[in-house]
Amino acid sequence: MQKIHNVVAKIKRNRMHGRNTIEEVLHLSAERGYIVFHRNHEDNNVLSDIVVAHPTSIVMIRTWPYVLIMDTTYKTNKYNMPLLECVGMTPTGKNFIVATTFMCNEQAMTYIWGLDNSSVAFWGRDNEPGRERTFCVEAVAINVSW
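Take the working numbering: the last position of the sequence shown gets the number 131, and nothing is skipped along the way.
1) Can you give the Cα-Cα distance for H(-10) and I(-4), rounded to whole angstroms?
2) Among the candidates L100, W49, Y64 and D28, whose CA atom is the shortest distance from the CA of G78?
3) Taking contact to mean at least 3 C-beta pairs separated by less than 8 Å, is the segment 60 to 67 in contact with the segment 12 to 23?
4) Please determine if the segment 92 to 108 and the segment 33 to 51 are in contact, where contact requires at least 3 C-beta pairs separated by less than 8 Å.
5) In the DSSP output, which residue or residues are listed as bridge partners for E70?
6) I need the DSSP call for H12, collapsed to helix, strand or coil.
7) Return the bridge partner residues of A(-6) from the DSSP annotation.
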């Protein structure tokens, strides 16, 4: 069994062409047309937060913006980073992941950054003309206890 694991790990390393895991995520996201926002720590320029959204999911949330569920899991991944997922729902009751955000900590400003960049991914930098902004970071910040 260990031999199989070693072979699989070697194949993955070869595909990454010397990139580390997070560099590979950014590379594959860009290569496959995902919308990605990220920021680095000011002190050491290490990646701290990342928002990833698939273009099809963006089209779907713009088509059906009526239900958006956000949930956070804490330290359940390899890097012990909080994970914020935004999930939409179609009129037939099917769920779809709209955006996934890995965050460096659980501080309010980190959540605001993640929600704000998710909003930009959903609606663009400027809201569509004549459309109210349905995803409001300020309302979320007021209604969530930090």
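Cβ atoms here follow ideal geometry from the backbone N, Cα and C, with glycine treated the same way.
In terms of the structure at hand:
1) 10 Å
2) W49
3) no
4) yes
5) D56 and T85
6) helix
7) Per DSSP, none; premise fails for A(-6).
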